[in-house]
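Novice: Residues in the sequence shown are numbered consecutively from 161, following our numbering.
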Amino acid sequence: MANVTMPTPVALAGGALCLLGGYLVGVVAGPDTEDTDTATVVSYDEDGQELCLSGDAAAEAPQSEDGELCGQWRRIDGGPDPEEGDQFRFATLSSDPGDAGDVTTLIYGDVVR
161 MANVTMPTPV ALAGGALCLL GGYLVGVVAG PDTEDTDTAT VVSYDEDGQE LCLSGDAAAE
221 APQSEDGELC GQWRRIDGGP DPEEGDQFRF ATLSSDPGDA GDVTTLIYGD VVR
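1) Does the distance from the CB of residue 254 to the CB of residue 232 come in under 8 Å?
2) Using a threshold of 8 Å, state whether the C-beta atoms of residue 245 and residue 200 are closer than that.
3) Where residue 241 and residue 213 are concerned, what is the direct C-alpha to C-alpha distance, given to the nearest angstrom?
4) So, at 7 Å on beta carbons, what are the nonlocal neighbours of residue 286 in its own chain, with the 5 sequence-adjacent residues on each side left out?
5) Locate the beta strand (DSSP E) running through residue 198, then write down its first and last residues.
6) Leaving out the 5 sequence neighbours to the left and right, which residues in its chain are closer than 8 Å to residue 215 when beta-carbon positions are compared?
7) Using only the alpha-carbon positions, how far apart do residue 252 and residue 219 sit?
In structure tokens:
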């Protein structure tokens, strides 16, 4: 049996074509995430870093109550403080309730510019 080798440029072109195909399939068949994590600021208390959000994404969060998501805001960068009515892109993280039943919800995100 003889060994057959593929030229390096052909192998690189094939790999690039596979990566491009995978990217296109992911873009076309992947989830639409444009608005899934954006909500409207209802209130913000600067002293306690308490932020409340409303909207579809906030209402769908497991930590929301009566369509509002409230928690402690953790700033990602040095952007502006949120004001009522601002659009806010976010992600949440909640602590384990434990024996006391207290749940701390942390909201990470920033005002959409």
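Every residue gets a Cβ at the ideal spot worked out from N, C-alpha and C, and that includes glycine. Since the model is a prediction, treat every value here as computed from it, not as a measurement.
Specialist: In short, the structure shows the following:
1) Going by C-beta atoms, residue 254 is not nearer than 8 Å to residue 232.
2) The answer is yes: Cβ separation under 8 Å.
3) In a straight line, the C-alpha of residue 241 is about 14 Å away from that of residue 213.
4) Only positions 161 to 273 of the chain appear in this structure, which leaves residue 286 out of reach.
5) 198 to 205 is the span of the beta strand (DSSP E), which, as asked, contains residue 198.
6) 198, 199 and 200.
7) When rounded, the distance between both Cα atoms is 12 Å.
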